[in-house]
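K.L.:
Mind looking over this structure? Questions follow.
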Amino acid sequence: MENLRHLMNPLDFSVEELEDLFDLAGEIERDMEGFSHKCDGKILATCFYEPSTRTRLSFETAMLRLGGKCLGFADATSSSAAKGESVADTIRVISCFADICAMRHPKEGAPMVAASRATIPVINAGDGGHQHPTQTLTDLLTIRSLYGKLSNFTIGLCGDLKFGRTVHSLINALSRYEGIRFIFISPKELRVPDYITEMLRQKNIPYEEVIKLEEIMPQLDFLYMTRVQKERFFNEEDYIRLRNFYILDKEKMALAKEKMFILHPLPRVNEISVELDDDPRAAYFRQVQYGLYVRMALILTLLHIQ
Amino acid sequence: MLNIGKIEEGFVLDHIQAGKSMQIYRHLGLDKLDSTVAIIKNAKSQAMGKKDILKVECDIDSLNLDVLAYIDHNITVNVIKDGEIIEKRSLELPKQITGVIRCHNPRCISSIEQELPQIFYLADEANEIYRCRYCDEKYSEGDASSL
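In the order they appear, the protein sequences are chains A and B. Read in order, the letters of the first sequence are residues 508 to 813 in our numbering. Read in order, the letters of the second sequence are residues 7 to 153 in our numbering.
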């Protein structure tokens, strides 16, 4: 394929290229029917070496909505990896069958190895705790669609900010836009890693680290929630002490701005009370819908289909 | 006083931190060369107290010296042609190093993929931080002996 291009990291696309991608996603949102034959005759391979319901179904739905077809595997045991085949060999074979590939792998960097050997575009659909670029594109498109812009925000990120790859990718991606201020809300055990705060200091991007969500709610333009996982704590006592800080409920939302949308990469456990699901500011299920639009736009872009 | 003869063409690597010459010998693949190599260990040095020196008789284009800067960028590289020093080469940290250090992240694809080269890129020049090309894990211990 001419101009073969892959997506490994959300920063692989420039801000201008992302604008084009999001414009295309917007067109798809307005007229999905108009795109229903764009990928006639094309095949997407979903190579998922570890289970993932939502991301895999989102990719497959995206290709089916574009008129294409899908093949693939949903876990490593049903692939030739179980026989010891390398990622490099697998992608060479898949390149003979499909036109584009979405790969999830528990080993970090596996999609990059695949991309280096592929003759078709490869999309990183999540590689261990490393990158999950289509989630970041989903988050950016959601924010852009809800607010009509990606700049001049005070953004709250709450929960497990240490291990959450979606949070790290989103901070990196948003740090390219103007007028961004971050407020990180987490227990000190789960603060954002130093390399992220170092990067923000180098770029002179303001940030603040706080423990209590209530303190800063009135300042936020939107809030990105993540799950605080019990297994991350050294002792049960700390977990019990801190977990309720991060349950977003009606009481805490009463402190928020009228248009402060709530985002969450899902799955949610208990960190957002279900009583908020009908609040017009609860955007996490709309986020899933935007994930579909952005994956459709990405498939079209990487296949150079106008 | 130990006397080692002059070389006609090749390199003299001077000011090597004492004890590191064998590491450099291995990384430059000097054991594979069919030519004269002199390893001088613990030579007296005014500036360093003790130092190692390597003299290598070879075609000056035959060695990739990038790895030297990673191991110790204070090494002086004298390039010899016709028995004379024609160049004193300064060492800069290479943008990328391949096959020198190994990623220690057990979650990295390089821990299981067959014959995948170990590649690191220079992520932060000021702090001499290299990161794995595949998983971005930091490698900054300055220990090039791990491969």
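Note that beta-carbon positions come from the ideal geometry of N, C-alpha and C, so glycine has one too.
Leaving out the 5 sequence neighbours to the left and right, which residues in its chain are closer than 6 Å to A:H637 when beta-carbon positions are compared?
P.N.:
E615
K.L.:
I'd like to confirm the pairing. Which residues does DSSP put opposite A:R611 in its beta bridges?
P.N.:
A:F555
K.L.:
Mind checking which residues open and close the alpha helix (DSSP H) that includes A:L679?
P.N.:
The question names Leu, yet the displayed sequence has Asn at residue 679 of chain A. Unbroken alpha helix (DSSP H) run through A:N679: 672-681.
K.L.:
Classify A:R611: buried if its beta carbon has 16 or more other beta carbons within 10 angstroms, exposed otherwise.
P.N.:
A buried status is given to A:R611, since no fewer than 16 other beta-carbon atoms sit within 10 Å of its beta-carbon.
K.L.:
At the 8 Å Cβ level, is A:E615 part of the contact set with chain B, yes or no?
P.N.:
yes
K.L.:
Please check the pair A:F580 and A:F555, which I expect to be a contact at CB under 8 Å, by giving their CB distance rounded to whole angstroms.
P.N.:
6 Å
K.L.:
Report the three-state DSSP secondary structure of B:S151 (helix, strand or coil).
P.N.:
Since pLDDT at B:S151 reaches only 44, below the 50 mark, its modelled position is unreliable, and the value read off the structure follows with that caveat. Residue state, collapsed to three classes: coil.
K.L.:
Starting from the C-beta of B:S152, find all residues in its chain whose C-beta is less than 7 Å away, skip the five residues before and the five after it, and write them out in chain order.
P.N.:
Residue confidence is low: B:S152 scores 48 on pLDDT, short of 50, so the model does not pin down where it sits. No coordinate-derived value is stated.
K.L.:
Using the rule of at least 16 other Cβ atoms within 10 Å of the residue's Cβ for burial, across every protein chain shown, is B:G11 buried or exposed?
P.N.:
exposed
K.L.:
Here's a check: name, in chain order, each residue in its chain whose Cβ is nearer than 8 Å to the Cβ of A:Y714, leaving out the five neighbours to either side.
P.N.:
R688, F689, I690, F691, T704, L707
K.L.:
Should A:C546 be labelled buried (16 or more other beta-carbon atoms within 10 Å of its own) or exposed?
P.N.:
Result: buried.
K.L.:
So with Cβ pairs under 8 Å, would you call A:A632 a contact of chain B?
P.N.:
no
K.L.:
Take B:G105 as the anchor and find which of B:H79, B:A132, B:K94, B:R139 has the nearest alpha-carbon.
P.N.:
B:R139
K.L.:
So, with DSSP's three-state summary, where would you put B:I81?
P.N.:
coil
K.L.:
Closer than 6 Å by C-beta to A:H544: which residues in its own chain qualify, once you throw out the five before and the five after it? Chain order, please.
P.N.:
G574
K.L.:
Give the single residue among B:H79, B:A53, B:I91 whose Cα lies nearest to the Cα of B:L97.
P.N.:
B:H79
K.L.:
Relative to the C-alpha of B:V18, which candidate in B:D37, B:R32, B:I45 has its C-alpha closest?
P.N.:
B:I45
K.L.:
Along the stretch 579-603 of chain A, what residues have a CB closer than 8 Å to any CB found in chain B?
P.N.:
S593, V594, A595
K.L.:
Does the stretch 516-525 of chain A come close enough to the stretch 673-684 of chain A to have 3 or more Cβ pairs within less than 8 Å?
P.N.:
yes
K.L.:
Does any residue of chain A bring its CB to less than 8 Å from the CB of B:Q102?
P.N.:
no
K.L.:
Tell me whether the beta-carbon of B:L99 lies closer than 8 Å to the beta-carbon of B:Y127.
P.N.:
no
K.L.:
Work out the CA separation of A:M619 and A:I723 for me, nearest whole Å.
P.N.:
39 Å
K.L.:
Just checking: is the beta-carbon of B:Q124 within a distance shorter than 8 Å of some beta-carbon in chain C?
P.N.:
Looking at the structure shown, chain C is missing, and the protein chains on hand are A and B.
K.L.:
Tell me which residue opens and which closes the alpha helix (DSSP H) that A:C603 is part of.
P.N.:
Counted as a single uninterrupted DSSP element, the alpha helix (DSSP H) harbouring A:C603 occupies residues 594-604.
K.L.:
Nearest CA to the CA of A:A595: which residue from A:A622, A:K656, A:T584?
P.N.:
A:A622
K.L.:
Using a Cβ-Cβ distance cut-off of 8 Å, determine whether A:H637 contacts chain B.
P.N.:
yes
K.L.:
Distance check for B:N133 and A:R788, CA to CA, integer angstroms please.
P.N.:
A:R788 and B:N133 have their C-alpha atoms some 44 Å from each other.
K.L.:
On the criterion of 16 or more Cβ atoms from any shown chain inside 10 Å, does B:D149 qualify as buried, or is it exposed?
P.N.:
Unreliable placement is indicated for B:D149, whose pLDDT of 46 sits below 50; the coordinate value is still reported in the next sentence. With fewer than 16 other beta carbons inside 10 angstroms of its own, B:D149 counts as exposed.
K.L.:
Going by beta carbon distance, what residues of the same chain come within less than 7 Å of A:T661, once the five residues before and after it are set aside?
P.N.:
Same-chain partners within the cutoff: R688, I690, Q726, L727, D728.
K.L.:
Taking Cβ to Cβ, would you say B:I103 is nearer than 8 Å to B:V73?
P.N.:
yes
K.L.:
For a contact defined as C-beta to C-beta under 9 Å, what are the partners of A:V620 on chain B?
P.N.:
I115, S116, E119, L122, Y140
K.L.:
Over the uninterrupted beta strand (DSSP E) stretch that includes B:A44, give me the two end residues.
P.N.:
43-51
K.L.:
Report yes if the CB atom of A:L578 is closer than 8 Å to the CB atom of A:I550, and no otherwise.
P.N.:
yes
K.L.:
If you follow the alpha helix (DSSP H) that A:E523 is in, where does it begin and where does it stop?
P.N.:
Looking at the DSSP string, the run of the alpha helix (DSSP H) that includes A:E523 is 522-537.
K.L.:
Please return the same chain residues whose Cβ sits closer than 6 Å to the Cβ of B:D20, not counting the five positions on each side in sequence.
P.N.:
I59, T82
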